[in-house]
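Only one structure is covered here, and it is reproduced in the block below.
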Amino acid sequence: MSKSFWRPTDDQRRTILLMEALGLIHDLGKMSDRFLESQEPPKPNEPNVEYKNTLLSDPRTINTYKNHTSIPQDPSAKFVQKILNQDATTPCAFSEREDLTELLKEIELIWIAEQYSFAELMPLLTNAGLVKQSNWNGVVGKSMQPGLLVGYLHGIAHIEKEGDPDQHKQPYHKVFRATPFGNEEQISTGNSKELNFKLWKLLPKSYFVYIYELTTILQILPLATIKEITTSQRSEWLEQMMVLMKRGLADNRRPHNEISLWDWGYTVATFTKAAAVYIFKNGWLPDVENLPFCTLRINLDILDRYTHSDKISDLLGIQQVLNDRFKGVQTLLEETYAFGNQFYRDETGAYYLLPAIFDCIEQTALREEIQALFPSDLRPQIYFSYPPTTAGYLDNDKSRSRELVAEPRKKALNQESINADNNLYLFETEWKEGRPRNAEICTVCGMRPVGYPRHGSQPEVEKTLSVWAKEEKGKQRQICRVCLDRRGRRSEQWINDGLQQTIWTDEVADDNGHLALFVGKLGLEGWLDGTLLSTIQVTSTTTKNPSPARLYRIAETARAFWKKVTDELMPNVIGQFSFRLELYPERDSNLEDLGDYHAYDLGIDGVILSVVWDKPRKRFLTTDNLNYFAAQLLDTPDNLVHKLKGKTFQILEPSIFLKSSQKKAEITIKEVSKTAGYQPAISLLTEPSLCLMLIPADKALKLAHQVKAEYEQQMERVRDRFPLNIGIVFCKRRTPIRTVLEAGRAMLNLSGQFDMTEGKGWEGWRLMQKECSGGFVKLQFDNGITWNIPVVTGDSNKKDDWYPRLYQGDRWEQKQPKHACDLAVRNPKIPPDKGAKLWVRPSRFDFEFLDSTARRFEIYYDENGRRPRHTRPFYLEDLDRFDTLWEILKKLETSQRHQVIYTIEATRETWYGQDEQESLTDSVFSQFVTDTLANATWTKDYRKWTDIPLDQRQQLIDAGVRGELADLAELHMEILKER
């Protein structure tokens, strides 16, 4: 492997990592309640609170400044004199924590033969203009380049505080932090007796008192251990800093209160790190505006790799390998070589900001070293962006921030996946007597020969494999030893981690033996490149700019949304299954041929029970939904302990493609006991734009409702241009995972294509009614959808002039953003197809039941996001309407429901054949649907058709005409088995 690329020395590496830390904490003076007080709007007859947030160290105690040389008219000397003459009565950041200056004095670095402490660099870190004042050597005897560099890059990453700096400041007793989409959360300030619960969980219990949130956080930040950033503890230290720094604000003013001190600091730290690397290789630039940056993208279509797996254990094995290897790349680039930081990661791979210091040969060498970290069947594509983006370009034109992530990501999405080479002639040495004509390829990776590597043929590969991943076992299961090892390792890890989660689809399945793939997608198109930031108004003539810190914040907010879904919403909806069973066989049972941590089937009275063999503990663990299994035996789960104890059963090797199940052994169960419960769900992917998880089918709709509610809570102000799409793929419990994932992947195209120039992905809705009350604007559209958009800030005392702005215009080309309160309602006197439209990116919902593997091919969306089935997909808002309709339909007996829906759909087919669209506008067919529903035998709460409220009757008729009643029946009666 080539090693021909430059890398920093150990001393340089240490300095680079400390420069990263310096960039991270450069504006930490804002982590203070006094900072929030100083930003308050002026009060009559009250003096303003003064606070110097830019002085994190006391210059009056630092020899570099105390012993400076005063040079008349020199800007450097004037700056030094200014900070030394700071009014002693004015509180400064260094006084907010007693040990701050001394801590910063202890952290030292060597910069090109000059020694600095953090304390002497601190005063320079938020002054972007100081870098052009060149006589620092004459004034303080040092170049001060590290501090000047961070100060300049502070300006590059800057959020450009558009608008009047004195407008929209928040009062100290009511300060809110926001997301990039306008959702606000109050910061605990002053003598607030209501301790912010999120903060309370982060603090030692000694801090459970009246709370000054930001000042309290400053006290507990792990600044005394900053040097850990140069050690193997770097990631843990950064994690601690991230959790706490996210609570701070980079700006108090609305609408700039969306950037946290972590977003702000990490962005500056990332630029600083890359810039320091460049300078160590090439020297200090006369003009730092010419500092060149590039994006290193490490791309792998992760979903595509997942779809190569027929078994969930294979998929999770691949997931574990990829997570480990991408983490290995992060360690290599961020710590071992300290070239730069990962700035973004999603289902397409990882993106790093690096200095543009590598020529073609060096790029090739680094590419090879990174790819060597991955196994050959999971090897990513690696690209360096070109041409480089300079600091000056980013400073002068914030829109060029899209060159850092958005444009490289777009290229990754447009590239075809490159599959591993499955040419078996590459493995000629695997056969003792030459490659046989019928040589088989591993059914998992599709690359290596079955049983690879043959014992003794590849020592380097074999030493990475578990001892139980033997050649013969691989051949029995028609996979290579590498994939066998991945499968077993994931099973072993699951057992050793305590069994509180599951990795088995049979356990995820509901009591009917059905499971669901939940597919969630946030429409980040137009946000990651900053285009849609132009819809957020700052002043009458100014909109938000796409600074690097803002784009980072957008991506991380979307990631946090899905993390909340998987960590909080999903567990609450799914709940816990009460127990598993441990089955202990008789000691004399012949179990030597069983694979460690391998999955088997037990044949019990003609019913299959899924188990895994935990060889070290000599037990089988059930991996089935025991409610479903007991129901097949016409029994209850609690009786299984008695039913299985002392009985003799066959152990079967599960069937695989083209191979039926095989008997492995016969065992007698000596002891049966219950273990603790588990959460029946498997998270597959959680990235800014995507979330995929396997859940019980009967919980899927409830989870969809919960996710929709959370989306409306967080994104309501921008829902017109930031859609949420939810797809649910239902299937039987032993449907090949490859089939399920291919169906889920197809559902990612729910929203169709997106193009701001041509208006693709946008729909024109007409506003029928508008009502303003209680801090909300209620918008009713011609398609029956109603939105309630918040138009006040988090404290409800101020109008939100910034976020709730929607495009309105007769045509896409004529659209203009208007505040929700100012939208024009359609004039009822003009024709229905005339008048201004509201242009929205609709959120959608779809589902499919894979009653056969071929059904997945019916999931197809055109460029407008429509399927051949005319009802699909639905608007996400239809979930609530469908709930109402189903509650009404349940007032019919099951047979009546089937009869009504069959009559409507059979008549539609008879009257219109393939031209189903005609039925949607035919008044005769509408009357037929009305009569069919009216003549049904309504029971329970409704004794007759006219007992149903008029508006709900009309909803039923409309749904019947559109064919949605058939969809409802399929969903609730056929899939979810409701009655």
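Residue 105 in numbering that gives the first Met the number 0 sits at position 106 of the sequence shown; the count goes up by one each step and never skips.
Beta carbons are placed, not taken as given, at the ideal position from N, Cα and C, and that holds for glycine.
For residue i, three-class secondary structure by DSSP
i	result
Glu491	helix
Gly808	strand
Glu665	strand
Thr269	helix
Tyr151	helix
Arg176	strand
Ile727	strand
Val791	strand
Met767	strand
His897	helix
Tyr802	coil
Ile974	helix
Val887	Val is not the amino acid found at residue 887; the sequence shown has Ile there. It is helical.
Asn298	strand
Gly522	coil
Met446	coil
Trp561	helix
Pro841	coil
His818	strand
Phe648	strand
Tyr451	coil
Glu184	strand
Val466	coil
Gln536	strand
Tyr305	helix
One or two residues paired with residue i in a DSSP bridge
i	result
Arg732	Bridge partners of Arg732: none, in fact.
Ala598	Val611
Ser259	Leu248
His513	Lys731
Ser672	Glu581
Asn340	Leu352
Ile681	Leu693
Tyr115	Leu108
Pro291	Thr389
Phe780	Leu766
Whole-angstrom distance between residue j and residue i, CA atom to CA atom
i	j	result
Gln38	Gln318	47 Å
Thr68	Gly137	7 Å
Gly189	Lys51	19 Å
Thr906	Ala968	17 Å
His971	Ile903	18 Å
Leu878	Glu333	45 Å
Asp510	Lys644	23 Å
Pro679	Gly487	20 Å
Pro841	Pro386	36 Å
Val242	Glu49	28 Å
Leu321	Asp165	49 Å
Ser688	Leu299	16 Å
Glu963	Trp761	23 Å
Met767	Gly758	22 Å
Gly22	Ala268	4 Å
Ser609	Ile668	15 Å
Asn908	Cys479	It is worth fixing the name first, because residue 908 is Glu in this sequence and not Asn. Whole-angstrom Cα-Cα distance: 51 Å.
Gln500	Leu568	16 Å
Trp110	Ala275	9 Å
Leu837	Gly348	36 Å
Phe721	Gly602	51 Å
8 Å Cβ cutoff met for residue i and residue j
i	j	result
Val564	Glu709	yes
Arg447	Val404	no
Arg804	Asp781	no
Pro545	Ser375	no
Ala508	Tyr596	no
Glu506	Asn624	yes
Test: residue i CB closer than 8 Å to a CB of chain C
i	result
Pro816	Of the protein chains in the structure, only one exists, and it is not chain C.
Contact between the segment 690 to 709 and the segment 507 to 526 is defined here as three or more beta-carbon pairs at a separation below 8 Å; is this criterion met?
Judged by Cβ distances under 8 Å, the segment 690 to 709 makes contact with the segment 507 to 526, as three or more pairs qualify.
Would you check if there are 3 or more beta carbon pairs closer than 8 Å linking the segment 837 to 857 to the segment 866 to 880?
Per the Cβ contact rule, the segment 837 to 857 is in contact with the segment 866 to 880 (3 or more Cβ pairs under 8 Å).
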